[in-house]
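Here is the structure we will look at, set down as structure tokens.
Residue numbers (my numbering), protein chains in the order written: chain A, 1 to 418; chain B, 1001 to 1418.
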């Protein structure tokens, strides 16, 4: 039976946590709060390089989260960083955008099948929110249909109705359906009123937290497109989590369905803050009419980073390589689980894997396994999909699998087989 | 009579504008769209250094906009950039925040009078929106009172009801009052319902676009605080535009009024994308309970930049120096206008001046004057307040005034005196 290797002190992380509790609500907020994970997770990281990150106490981890998406070509990628630095040395945040904005819009319009234009912002929520505003301005309607359990950012319209600080009115124009359930979309249309549906928003595949990932049913995608066409409603793809990592052409390009609008962010610029709303020509006028701006939305350095990221991704068949590494990881995990006589479900596109345990209603096994992974130097999430990048080569995946094997031992010791 | 100096070609800017029109809605969106300004404005800038910016054709401008606020210590400040680069070389956007987040929260809690805690995001809208959500979560009420004409970002609640793509429900919980008009606040309270007022949001002074700036009436500030205390509503200061540039202690510190929440962004990190929500201890629990996160919110490099920016601002009496330069500019402009026999109003705190012409209902004089300034190499805004930074020393202000003198000539030629 393997045990966790000897680890250096965690005094610096613990000291920072203590200071944070005094000046940051709950010590940390949002998706980077690790306080509910197993004890072996750090709360503060100091360094990233390639497929690895180091915490403030110097512990090394192979990183399977890629910052929840932004890191696509590995941390601290020299070419991307050099491109951003060269632009920043001239000017990043100025009274006007730089030429990089036009170049990046041209590249995205060329690469993403449905796109005729692009607008840029900073975070995923900026552009999921903006996609809804543009759809409403274009259709002069109010209602937005989204899948129950999908995450479309922190706009109140997209949060569960019980979310603290949101109002009844915030949720009045959101109607829920079930992902991959076309009948439920039709029911939502009737609920919303056929002539008041501004948009239907979908993620490329189902990647809700806490549950297995699920590919889109091509018939569902085509059906949603048909419903939108019948109603004159806009189809929005929320490609914030998947875009560029799974398919640079857009979320439903592989199933032959084009949206009217798509929201991108995370991996566009390999860690530099950037988001993009892409749309078709008929929506350009509405996009120009809405109030949409931000102090840092036009920054040139992240756009330079995006131009280099996209070029390198294409030149090196980055998507194909991430896919191959992801398949190696997914198959390796399935084999390990079987060898340990434990039932797991490994789901998701290979570039965004997730492993959950079969009989684990309270996620106790997930927490234990992920904690053991952290103790052995693999950083992944217990219940949220992981993210691979092109820095995860075969050797790195094999190293991950050595470490996860030890983590299965820990879970079996504690919970037994099954 | 002076005329505009000979200027280099504008072919590159024009070429970029033409390309932009094909791939960006309306060729440009938001507050950096210069298409409605005089012809001498560029749409694309390439470089910034100190108090100057250069467009893509190499034209130089003394910059009185500071990127609409973010640039506080001058463009491309070597010490700030070195601090950000040192952190970024280790790790900027990782699975966890870096230690800089704790340090920055500690500094802000120390410097900003009312603050017991801090959360960080990217843009001003992130934190004005978040301030309202936290106030609602804490009070379990819905209504937000704001001054008519104030800008609190692009959240639909804060936009004019007629804003395209927003719904009746988006505006249902916003009630307007008049800035510096306490009676109108009381009327808004009655309109909202005394027991449903979650928050009153105010800018530190009135800095609406198109009109003269106006300092806050101390009696108004105290009165708003008293109303909030009476109702159990939260007072929110939107310090996005003023914070750190006017007063590092917070927007109404000078009049002795402490808010419950304040929203900061723009100048916190001298151009690096960062926003902060600061709050008092009783609101910490609500702040921890709301859904608030973003892929790039925890980036360490902008926080390192903020730590250096705040240190340099304090060490060098940056606020005092900006104020002195601003007074020199404001007095110089008033003297020039008088010498040209033209009636103008120069308003605002010296660090954020604005000059409007007295009899100029369609802003034709403002457009002509600002255009002539651009032609003579001064970049300022026709109808939105300007921003000074510590890079605007006496010599730079004197150079600005030489150039604006020529701009007054142009306006007098075209519109006459008066």
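Glycine included, each C-beta is placed from N, C-alpha and C at the ideal position.
All values derive from a computational prediction rather than experimental measurement.
DSSP beta-bridge partners of residue i
i: residue 1122 of chain B; result: DSSP lists no partner for residue 1122 of chain B.
i: residue 1214 of chain B; result: B/1206
i: residue 1049 of chain B; result: B/1052
i: residue 143 of chain A; result: A/197
i: residue 1174 of chain B; result: B/1144
i: residue 345 of chain A; result: A/356
i: residue 1261 of chain B; result: B/1236 and B/1279
i: residue 117 of chain A; result: A/279
i: residue 379 of chain A; result: A/63
Check whether residue i and residue j have beta carbons under 8 Å apart
i: residue 1037 of chain B; j: residue 1387 of chain B; result: no
i: residue 1227 of chain B; j: residue 1328 of chain B; result: no
i: residue 278 of chain A; j: residue 137 of chain A; result: no
i: residue 1183 of chain B; j: residue 1143 of chain B; result: no
i: residue 367 of chain A; j: residue 346 of chain A; result: no
i: residue 1502 of chain B; j: residue 1412 of chain B; result: Coverage of chain B is limited to positions 1001 through 1418, which leaves residue 1502 of chain B absent and any answer about it impossible.
i: residue 1336 of chain B; j: residue 1229 of chain B; result: no
i: residue 30 of chain A; j: residue 1292 of chain B; result: yes
i: residue 420 of chain A; j: residue 1270 of chain B; result: One cannot answer for residue 420 of chain A here, as it falls past the ends of chain A, which runs 1 to 418.
i: residue 1105 of chain B; j: residue 24 of chain A; result: yes
i: residue 1295 of chain B; j: residue 124 of chain A; result: yes
i: residue 1235 of chain B; j: residue 1215 of chain B; result: no
Which of helix, strand or coil DSSP assigns to residue i
i: residue 75 of chain A; result: strand
i: residue 23 of chain A; result: helix
i: residue 1194 of chain B; result: helix
i: residue 1249 of chain B; result: coil
i: residue 1369 of chain B; result: helix
i: residue 2 of chain A; result: Since pLDDT at residue 2 of chain A reaches only 49, below the 50 mark, its modelled position is unreliable, and the value read off the structure follows with that caveat. Of the three classes helix, strand and coil, the one that applies to residue 2 of chain A here is coil, per DSSP.
i: residue 60 of chain A; result: strand
i: residue 1295 of chain B; result: coil
i: residue 10 of chain A; result: coil
i: residue 396 of chain A; result: helix
Interface residues of chain C facing residue i [CB-CB closer than 8 Å]
i: residue 45 of chain A; result: The structure shown contains no chain C; the protein chains it does contain are A and B.
Beta-carbon proximity list for residue i, same chain, < 6 Å, skipping 5 on both sides
i: residue 1171 of chain B; result: 1161
i: residue 274 of chain A; result: 268, 302 and 306
i: residue 176 of chain A; result: 148
i: residue 340 of chain A; result: 408 and 412
i: residue 392 of chain A; result: 51 and 325
i: residue 1002 of chain B; result: The predicted position of residue 1002 of chain B is uncertain, since its pLDDT is 49 and thus under 50; a value taken from the coordinates is nonetheless stated next. These residues qualify, in order along the chain: 1406 and 1409.
i: residue 1394 of chain B; result: none
Residues of its chain near residue i, where Cβ-Cβ distance is below 7 Å and the 5 sequence neighbours each way are ignored
i: residue 152 of chain A; result: 128, 146, 158, 201 and 238
i: residue 297 of chain A; result: 120, 121 and 122
i: residue 178 of chain A; result: 147, 148 and 184
i: residue 1286 of chain B; result: 1134, 1137 and 1138
i: residue 1365 of chain B; result: 1357, 1411 and 1415
i: residue 20 of chain A; result: 27 and 28
i: residue 76 of chain A; result: 48 and 49
Residue i classed as buried or exposed, judged by whether at least 16 other C-beta atoms fall within 10 angstroms
i: residue 414 of chain A; result: exposed
i: residue 256 of chain A; result: exposed
i: residue 417 of chain A; result: exposed
i: residue 1022 of chain B; result: exposed
i: residue 351 of chain A; result: buried
i: residue 209 of chain A; result: exposed
i: residue 59 of chain A; result: buried
i: residue 1218 of chain B; result: exposed
i: residue 82 of chain A; result: exposed
i: residue 71 of chain A; result: buried
i: residue 1092 of chain B; result: buried
i: residue 1140 of chain B; result: exposed
i: residue 261 of chain A; result: buried
i: residue 86 of chain A; result: exposed
i: residue 1100 of chain B; result: buried
i: residue 1213 of chain B; result: buried
The ligand MN heavy atom lying under 7 Å from the CB of residue i
i: residue 1409 of chain B; result: Annotation note on the ligand MN: not contained in the displayed structure, which lists no ligands.
Proximal residues to residue i (C-beta, below 8 Å), its chain only, five neighbours per side dropped
i: residue 1186 of chain B; result: 1227
i: residue 11 of chain A; result: 57
i: residue 1103 of chain B; result: 1303 and 1307
i: residue 222 of chain A; result: 255, 256 and 257
i: residue 1065 of chain B; result: 1379, 1380, 1381, 1386 and 1387
i: residue 360 of chain A; result: 366
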